[in-house]
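Order-wise, the sequence lines are chains Y and D.
Numbering follows this note's numbering, in which position 136 of the first sequence is assigned residue number 136; successive positions increment by one, without gaps.
Numbering follows this note's numbering, in which position 255 of the second sequence is assigned residue number 1255; successive positions increment by one, without gaps.
Note that CB positions come from ideal geometry on N, CA and C, so glycine has one too.
Protein chains: 2
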Amino acid sequence: MAPKTKTEEKATLPKGYRAAGAAAGLKASGKPDMAMLFSDTPAVVAGCFTTNQVQAATVRLDRERVEKYGIAHGVVVNSGQANACTGARGLRDAKAMAAEMAGHLGVAPETVLVASTGRIGVPLRMDLVVPGIETLAGALSPDGGEDFAQGILTTDTRPKRFTAVFRAGGKTCRLTGIAKGAGMIQPCMGTMLAFLATDAAVTGQRVLRAALLDAVADSFNRVSVDGDRSTNDTVLLFANGAAGGAPISPRHPDWPAFAGALREVTLQLARAMARDGEGASKMVTVRVTGARSTADADAAARAVANSLLVKTSWVGTFPNWGRVMDALGYSPARVREDKVDIFYDRVQAVRGGIAVPVAPGKLEKILGGREFTLECRLNLGKGEAVIYTCDCTEEYVVINKD
Amino acid sequence: MAPKTKTEEKATLPKGYRAAGAAAGLKASGKPDMAMLFSDTPAVVAGCFTTNQVQAATVRLDRERVEKYGIAHGVVVNSGQANACTGARGLRDAKAMAAEMAGHLGVAPETVLVASTGRIGVPLRMDLVVPGIETLAGALSPDGGEDFAQGILTTDTRPKRFTAVFRAGGKTCRLTGIAKGAGMIQPCMGTMLAFLATDAAVTGQRVLRAALLDAVADSFNRVSVDGDRSTNDTVLLFANGAAGGAPISPRHPDWPAFAGALREVTLQLARAMARDGEGASKMVTVRVTGARSTADADAAARAVANSLLVKTSWVGTFPNWGRVMDALGYSPARVREDKVDIFYDRVQAVRGGIAVPVAPGKLEKILGGREFTLECRLNLGKGEAVIYTCDCTEEYVVINKD
């Protein structure tokens, strides 16, 4: 492992990339609803998509293109309509979006990818999307990262973008990640979109993909807002080599610096998603240790993080650990009630399955903060897992009821 | 199958039973919080308990007694504290509750069962429970069914009780079921308590238990309010034979009448629980048909019924079937997007995975009612399953956040 990479909370694009965001009228609010990222030279590309059996047209198109060509010039994104459950028309619309962008930028249509997020089951408003793409193509700029970050948001309350700087192949390189999260976020990714761009050069798609899957496993796949998994989840990673460095592979001494930057940026984005979960008032890191296996730790952590009773209890400040015990008990993980220890941050609330006396107000103060860690020690083995999640407030229901 | 049994929404106790409810001060509100059911003669008893690995002291005690003795005189119930995660003290308290009731009524302590519901992890207030038991024992009455139904409620907004009349062994018999539900209700039972009493005579515990498990599988185990499964779920069925009829077994011609009454009463109680889910404004029957197997149908129906995004969308009247497609897609069941049909009551909204034109307002009218059925036809086989559930309103969060 490389030393931990520092990230800046900015969308400073790496060399050779331009981006833009625009309001194309897809959102009734008039807020930005489209975005475009473009690499002047073809970039090696890797992707990671939803595992839902119901998949958006954009996901199907991207998956095919990423696998078939392994390189891409960029991506165009819309919010407002998900282009999922839209049948043959949806696939035609997705292809038309890519072709439209490709036409404006003079590249092959197959080198353009697409992503959509929004309501499922309604056709894309192509009468608005097509002019939107023209606007975006004209507005592309090396400073357009922030506009891109705004353009992909839906119910997010703030943009999510981080940039890391590292040395690779003899040059200073950047890796920028921009994402949206908020709702329909669960274990195997929710309606989350994340776009990662680096100007490092890599030796090929295979190694890029392996690095992406590793990073996603420990970041986006560790987030759970509401246990729902979307039809549209997409993570794309572009590497265009525009920093001018020699191409690197996992055997290169600079690879850990690149992989570390990728891990750190995806982790920061993932935590930002949990923090900005729909209606969330606080972020909670659920850590399960001492499970019989990693799979058991993961199952137990997800049961706690997805329990509606646990999540609603976090809205207040009372440490309702009985609900945590309950969720551990019905999780598929092996749990022995009389072995369980529970800590809030580092304060122990439960020992051997029953209450530990805690000074009044101590736990309430921890639960009253914007972030805390809930650790459940099962004391049955060495399995560990972490899930980043948030509380479930009335606001979540208000956002989703219409 | 016997002809469908008619039930009355009343707690008219069968012969030989007495019951009572009381306010023992366990609830700050001063509402009834304890209840007692007693059969003057020892009744054959069968039980069905939570599958959570974390189990209340009351569940452990009842399970042992029901299995070991097979007969019981009755049960004493408290709300306010769950007596779960209370260690050795919890088991002592549960035994003391039973002994206290037994002492007042002159029966062996082992013939008394106990049930608790409320906050996990805090010890029972025995200083209030003990006098409460004395009050209950003094108040026992053949007309006490309604008081019992009130005494076991927690966040329920109304009592849940149904009585069926049937002929068995040459006599008119009754079967009365009284339950509480509301929150922490999921597939394998939530903090639900249900007490069933009949004056029919059965030949023994084995046949009674088989009938109970059958009935529970199609009723309480079909309810899901929030996907949480409690530490305290308990269903007890007493059969005291006080109607004076000859004992019946599954080979007796009257068995279907008894089994039918049991099925109908448990089904009505289960539906009443879904209808009265915490904060619920409407009840929804999720029916999945055409799955590759019954297990697939069950998994798909549960994914839909437990999806927070689906449940919050039901608060309004917009048929957000895209979220239903999404939940079907991430369920463990095999789903082919282009085969899925979706109906609200009998109005088709989706055919082959995409929208069907529906007259404006038609679906909204169905979703605006107090009850509707959502049917998902997967068109892949013959598997079918039903889950009774409800919407998730802001009120659910308000109830559970403190």
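| query | result |
| --- | --- |
| What three-state label does DSSP hand Tyr1017 of chain D in the structure shown? | strand |
| Determine contact between the segment 242-261 of chain Y and the segment 96-107 of chain Y, defined as no fewer than three beta-carbon pairs at a distance below 8 Å. | no |
| Arg1119 of chain D versus chain Y: which residues are under 9 Å apart at the beta carbon? | Asn320 and Gly322 |
| How about Asn232 of chain Y and Leu1309 of chain D: do their beta carbons lie closer than 8 Å? | no |
| Below 6 Å CB to CB, which residues in the same chain sit around Val77 of chain Y once its five sequence neighbours on both sides are set aside? | Ala35, Ala115 and Ile152 |
| Let me confirm a value: Glu1337 of chain D is counted as buried when at least 16 other C-beta atoms fall within 10 Å, else exposed. Which label applies? | buried |
| I need the DSSP call for Arg1370 of chain D, collapsed to helix, strand or coil. | coil |
| Is Thr155 of chain Y helix, strand or coil by DSSP? | coil |
| CB-CB under 7 Å to Phe1220 of chain D, same chain, minus the five flanking residues each way: which ones, in chain order? | Met1189, Met1192, Ala1194, Val1235, Thr1266 and Ala1270 |
| Can you look up Thr1389 of chain D in the DSSP assignment and give me helix, strand or coil? | strand |
| Listing by chain order, which chain B residues have their CB less than 7 Å from the CB of Gly1329 of chain D? | In summary, chain B is missing from the structure at hand, where the protein chains are Y and D. |
| How far does the alpha helix (DSSP H) with Phe1258 of chain D in it extend, from its first residue to its last? | Trp1255 to Arg1275 |
| For Ile354 of chain Y, return the contacting residues in chain D, with the cut-off set at a CB-CB distance below 8 Å. | Cys1085, Thr1086, Gly1087 and Gly1121 |
| Let me see if you follow: with CB-CB separation under 8 Å, is Val398 of chain Y close to chain D or not? | yes |
| Taking all protein chains shown into account, do 16 or more other C-beta atoms lie within 10 angstroms of the C-beta of Arg161 of chain Y, making it buried, or fewer, making it exposed? | buried |
| Short of 6 Å in beta carbon distance, which residues of its chain neighbour Ala1301 of chain D, apart from the five on each side in sequence? Order them along the chain. | Val1286, Val1288, Ala1385 and Ile1387 |
| Alpha carbon to alpha carbon, what distance is there between Ala19 of chain Y and Gly145 of chain Y? | 6 Å |
| Could you give the distance in angstroms between the alpha-carbon of Arg370 of chain Y and the alpha-carbon of Thr157 of chain Y? | 15 Å |
| Roughly how many whole angstroms lie between the Cα atoms of Ala84 of chain Y and Gly1322 of chain D? | 8 Å |
| Cβ of Ala1299 of chain D within 8 Å of Cβ of Val1223 of chain D? | no |
| Considering only residues of the same chain and omitting the five flanking positions on each side of Arg334 of chain Y, which have a CB-CB separation below 7 Å? | Arg292, Asp296 and Leu380 |
| Using beta carbons (cut-off 8 Å, strictly below), is Val335 of chain Y in contact with chain D? | yes |
| Using only alpha-carbon positions, find the residue among D:Ala1046, D:Leu1378, D:Asp1391 and D:Ile1354 that is nearest to Asp1209 of chain D. | Note on residue identity: the sequence assigns Arg, not Asp, to residue 1209 of chain D. That would be D:Ala1046, whose Cα lies nearest to the Cα of Arg1209 of chain D. |
| Alpha carbon to alpha carbon, how far is Lys1031 of chain D from Ser1039 of chain D? | 25 Å |
| If you count every other CB in all the chains shown that lies within 10 Å of the CB of Thr41 of chain Y, and 16 or more means buried, which is it? | exposed |
| List, in chain order, every chain D residue whose beta-carbon is nearer than 7 Å to that of Ser313 of chain Y. | Asn1400 and Lys1401 |
| Give the single residue among D:Pro1014, D:Lys1006, D:Thr1086 and D:Thr1007 whose Cα lies nearest to the Cα of Ala1200 of chain D. | D:Pro1014 |
| Identify the residues that DSSP records as bridge partners of Glu8 of chain Y: which are they? | Y:Thr163 |
| Looking only at its chain, what residues have a beta carbon closer than 6 Å to the beta carbon of Ala197 of chain Y, apart from the 5 residues adjacent to it on each side? | Pro14, Tyr17, Thr176 and Phe238 |
| Roughly how many whole angstroms lie between the Cα atoms of Glu134 of chain Y and Arg125 of chain Y? | 15 Å |
| Does DSSP put Pro1042 of chain D in a helix, a strand or coil? | strand |
| Considering just the uninterrupted stretch of the beta strand (DSSP E) at Thr289 of chain Y, what are its terminal residues? | Met283 to Ala291 |
| Please tell me whether Thr58 of chain Y has its Cβ less than 8 Å away from any Cβ of chain D. | no |
| Name the chain Y residues whose beta carbon is nearer than 8 Å to that of Thr1026 of chain D? | Note on residue identity: the sequence assigns Leu, not Thr, to residue 1026 of chain D. The contacting residues do not exist; Leu1026 of chain D stays about 16 Å from chain Y at best. |
| List the residues of chain Y that Met1325 of chain D touches, going by C-beta distances under 8 Å, in chain order. | Val54, Ala84, Cys85, Ile120, Gly121 and Thr231 |
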